[in-house]
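**Q** The opening residue of the sequence shown carries number 3 in this note's numbering; numbering runs sequentially from there.
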Amino acid sequence: NERLHVEVLSSSKMSLLHPKENLGYVIINLADVVTNRRINEKYNLIDSRNGQIQIELQWKTS
Numbered sequence: 003n004e005r006l007h008v009e010v011l012s013s014s015k016m017s018l019l020h021p022k023e024n025l026g027y028v029i030i031n032l033a034d035v036v037t038n039r040r041i042n043e044k045y046n047l048i049d050s051r052n053g054q055i056q057i058e059l060q061w062k063t064s
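1) Could you work out which residue in Lys62, Tyr27, Pro21 is closest to asparagine 38 when comparing CA atoms only?
2) Ordered along the chain, which non-local residues of its own chain (more than five positions away) have a Cβ less than 8 Å from that of arginine 5?
3) Taking 8 Å as the cut-off, decide whether the C-beta atoms of isoleucine 41 and leucine 47 are in contact.
4) What are the residues that DSSP puts in a beta bridge with lysine 44?
Here it is, written out as structure tokens:
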């Protein structure tokens, strides 16, 4: 049962004055990607008030 853990961080042009902040994370079950050959989903960020991320993954065999 493999999973992909994706963390979302804020970006800052002034990284010394304003360090990057963790905005949340999502966990994606890779079996869903393999079974469907791809996903293109919006996920609500865990540990976030209302953060959301859209992720597209594609499974290609060689």
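Backbone N, C-alpha and C fix where the C-beta goes; we use that ideal spot for every residue, glycine too.
**A** Answer, in terms of the structure:
1) Nearest option by C-alpha distance: Lys62.
2) Excluding sequence neighbours, arginine 5 sits near Ile29, Ile30, Asn31, Leu32.
3) No.
4) In the DSSP output, where bridge partners are listed per residue, lysine 44 has Gln56.
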